[in-house]
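Let me begin by presenting the structure, written as structure tokens, before commenting on it.
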Amino acid sequence: MSDMIEQLMNRHHSVRKFKQEPLSKETVKQLVQAGQSASTSSYLQTYSVIGITDPEIKKALREVSGQAYVEENGYLFMFVMDYHRHELINEQIDGDMEKSFQSAEGLLVGTIDVALLAQNMAVAAESLGLGIVYLGSMRNDVARVKELLKLPEYTFPLFGMAVGEPADDENGAPKPRLPFESVFHENEYNQDKADQLAYLKEFDTEVSEYYKKRTGGQRSETWSQQIAGFLGSKQRADMLDELHKSGFIER
Numbered sequence: 031m032s033d034m035i036e037q038l039m040n041r042h043h044s045v046r047k048f049k050q051e052p053l054s055k056e057t058v059k060q061l062v063q064a065g066q067s068a069s070t071s072s073y074l075q076t077y078s079v080i081g082i083t084d085p086e087i088k089k090a091l092r093e094v095s096g097q098a099y100v101e102e103n104g105y106l107f108m109f110v111m112d113y114h115r116h117e118l119i120n121e122q123i124d125g126d127m128e129k130s131f132q133s134a135e136g137l138l139v140g141t142i143d144v145a146l147l148a149q150n151m152a153v154a155a156e157s158l159g160l161g162i163v164y165l166g167s168m169r170n171d172v173a174r175v176k177e178l179l180k181l182p183e184y185t186f187p188l189f190g191m192a193v194g195e196p197a198d199d200e201n202g203a204p205k206p207r208l209p210f211e212s213v214f215h216e217n218e219y220n221q222d223k224a225d226q227l228a229y230l231k232e233f234d235t236e237v238s239e240y241y242k243k244r245t246g247g248q249r250s251e252t253w254s255q256q257i258a259g260f261l262g263s264k265q266r267a268d269m270l271d272e273l274h275k276s277g278f279i280e281r
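In my numbering, the protein residues as written are 31 to 281.
Structure, rendered in structure tokens:
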């Protein structure tokens, strides 16, 4: 197993408690450039990264997320799907590229580009001994985030990432993942319900034992129970409206 595969499989976990040691400008630049090296659909590069150093903006973003580590970290990155620069090109040539920005395919391309960039940055940060945590909670109030970041039309804030040196008493650990057989299908999707339910049962047992061990028996829910709780109610119902307001998904 290579060092990189070892890092990806056995050392990654979300860090939610950081030392208050700021990342250097050189490290920030290195991480962003590592992110830019990720694959990008049709060379579109539909992303921007906003580094948050202003304490007041950090505080406001913490209020959006409700998570202390949005404010207490080594550095805070915000990841933005960005077709604004493409619109600038569109204006120069008097073109009609908006139909691409507003399409479902355009939305998929943009979000995938951002995700690939961000994951490259996460892996790069962890290779330097830093910890990271993704912040989907930034979508709790997209309108407020757009206002804080002064985002123009054809941009959309997808998520954040807190990065930094893990605190000495940070006690996170890699969580189990679904069985290989559950997620890998050869040639065609395995629709055998008996197989899939067996994999879920196996995983539920593993996850329950993981929580029991981590919490001294205070927590023991299964993965299925977590999923039922999370997906049992509609999340962030304003998302489509906010996408419309930013110029995405033609009405």
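The beta carbon of each residue, even a glycine, is placed where N, CA and C say it ideally should be.
Element boundaries [alpha helix (DSSP H), containing residue i]
i           : result
residue 111 : Unbroken run through residue 111 is the beta strand (DSSP E), 105-112; no alpha helix (DSSP H).
residue 332 : The chain is shown from 31 up to 281; residue 332 falls before or after that span and cannot be answered.
residue 213 : 210-213
residue 240 : 223-245
residue 174 : 172-179
residue 273 : 269-275
residue 143 : 134-157
residue 68  : Element bounds for residue 68: n/a, residue is neither H nor E.
residue 33  : 33-36
residue 256 : 253-261
residue 128 : 128-131
Reference residue i, options the options, closest by Cα
i           : options               : result
residue 293 : 172, 117, 256 and 232 : Outside the shown range of the chain, which is 31 to 281, sits residue 293, and nothing can be said about it.
residue 76  : 56, 168 and 187       : 187
residue 158 : 42, 277 and 31        : 42
residue 33  : 134, 92 and 154       : 154
residue 73  : 266, 139 and 280      : 139
residue 276 : 89, 229, 92 and 175   : 175
residue 102 : 114, 37 and 86        : 86
residue 251 : 234, 115 and 217      : 234
residue 54  : 83, 45 and 116        : 83
residue 88  : 168, 56 and 248       : 168
residue 35  : 46, 50, 246 and 156   : 156
residue 50  : 44, 38, 228 and 197   : 197
residue 227 : 253, 95 and 115       : 253
residue 93  : 280, 119 and 170      : 170
Residues bridged to residue i [DSSP beta-bridge criterion]
i           : result
residue 186 : 111
residue 48  : 196
residue 191 : 107 and 164
residue 80  : 108
Anticipated Cβ contact below 8 Å, residue i with residue j, distance rounded
i           : j           : result
residue 58  : residue 105 : 6 Å
residue 65  : residue 151 : 4 Å
residue 79  : residue 185 : In fact, because the Cβ distance is near 12 Å, the residues do not count as touching under 8 Å.
residue 229 : residue 211 : 6 Å
Closer than 6 Å: residue i CB and nearest the ligand ZN heavy atom
i           : result
residue 201 : For the structure depicted, the ligand ZN is absent and the ligand set is empty, with no information on it obtainable.
Residue i at chain D interface by Cβ criterion, 7 Å
i           : result
residue 272 : Annotation note: the requested chain D is absent from the structure, which comprises a single protein chain.
Open item on the list: Is it the case that the region 172-184 contacts the region 192-208, given that we only count it when at least three CB pairs across the two stretches are under 8 Å?
Closed with: With a cut-off of 8 Å, the region 172-184 and the region 192-208 do not count as touching, because too few Cβ pairs lie within range.
Open item on the list: Does the contact criterion of 3 or more C-beta pairs under 8 Å hold for the region 144-154 versus the region 66-80?
Closed with: Verdict: yes, contact present.
TODO: Flag this pair as touching only if the region 153-164 and the region 190-198 have three or more C-beta atom pairs under 8 Å; answer yes or no.
DONE: With the cut-off at 8 Å, the region 153-164 and the region 190-198 touch.
- [ ] Would you check if there are 3 or more beta carbon pairs closer than 8 Å linking the region 234-244 to the region 258-272?
- [x] Taking one beta carbon from each stretch, the region 234-244 and the region 258-272 have fewer than 3 pairs nearer than 8 Å; the two do not touch.
Task: Touching by the beta-carbon criterion (3+ pairs, under 8 Å), the region 123-137 and the region 221-232 - done: No, the region 123-137 does not touch the region 221-232.
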